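Going by the numbering used here, the sequence shown opens with residue 227, and the numbers climb by one from there.
Below: one structure, written as structure tokens.
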Amino acid sequence: MRITVLLPLLFVFTNSFSQESWSLEQCIAYALDNNIQLKQQELNVSIDENTLHQSRYSRFPSLNAHVNHNYNFGHVIDEVDYQVSQDMESNNFSINSSVTLFDGFRITNTRKQNEINLMATIAEVENLRNDLTLNIASAYLQILYSIEILETTRQQLELSKLQINRTQALVQAGSLPEGSLLEIEAQLASDELQLVNAQNKLEMAYLTLTQMLDIKSPEGFEIVKPNLNDLVTTLPAETPDLIFSNALEIMPQIQSANLRLSSSEMGLE
């Protein structure tokens, strides 16, 4: 006789969630695609485009048509022969058109002003993109700085622990007074406090960046630590005066301010 024993098989499934680390380029790209303030400013561009189209169409003639039909029941007086009628129908048709031949160049100046407003709004969008990029980069660098501070604080804490062990041995041997051990223990307590502060600063740095990215929670969010050995630093060949003059020509906030000034001057026209 053969006895078959069925052993239950236990399958253990582990769901592991791995959060992909974010590089600086990914953070900037995500912010530019999802920032609410930037989306609102881009909607202002669409509004200015529609306003510009409206000002362009205002020079064309307008045409309005009106149709009205009335049907009355009951005893009324017919206005034609002044006889009592039981019901009466009436129709009314009208078409009117108008065109502005000359309005003191108001239409032309309004169109030019709307064109300038559109260019100013586009420059403001570009300025907002630059500011958002700089803020993301600043928050990213703050995280890297906080990580380095935390690592340095941990190393200092380990050194203090080793120093305590060494001092304890020297105190027990009579080479150092007990007061030296108390000083090292006080230093250890201070290093532990510095470690807690460094951890809090790192968490705050992560929270700041995730808020800029409109991410609900910083939990599981990590950044990529760049390899600084591959970083090539080149100094600009231009002089500070040349850099400043170029900035006045290409910086979007300068362009936007100049365009708003031109728009106000065109508004006076």
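We put the CB at the ideal spot given by N, CA and C, even for glycine.
Computed from a prediction, not measured in an experiment: that's the story for all the values here.
With 16 other Cβ atoms within 10 Å as the buried cut-off, status of residue i
i	result
A365	buried
Q339	buried
N423	exposed
L354	buried
L236	Low confidence applies to L236: its pLDDT is 35, below 50, so where it sits in the model is not reliable, and the reading given next is rough at best. Exposed.
N343	buried
Y371	exposed
Y283	exposed
Cut-off 7 Å between Cβ atoms - residues of its own chain near residue i, not counting five sequence neighbours on either side
i	result
E404	V397
T240	Residue placement at T240 is flagged as unreliable, the pLDDT there being 35, under the threshold of 50; the coordinate-derived value follows with that caveat. No residues qualify anywhere along the chain.
Beta-carbon contacts of residue i that lie in its chain and below 6 Å, excluding the five residues immediately before and after
i	result
E491	none
N294	N318
N453	none
H292	S320
Bridge partners - residue i, DSSP secondary structure assignment
i	result
E315	Y297
I449	W248
I471	Checking the sequence, you will find Ser at residue 471 rather than Ile. DSSP output for S471 lists no bridge partner at all.
S324	S288
Assumed close pair residue i, residue j - CB separation to whole angstroms, cut-off 8 Å
i	j	result
S281	R337	4 Å
L428	I373	6 Å
L358	A257	6 Å
Proximal residues to residue i (C-beta, below 8 Å), its chain only, five neighbours per side dropped
i	result
A349	P478, Q479, Q481, S482, L485
L494	none
I262	D440
S443	T436
G330	none
Subject >> Segments assigned alpha helix (DSSP H), at least 4 residues, entirely inside the region 245 to 294 >> reply: The qualifying runs are 250 to 260, 262 to 283.
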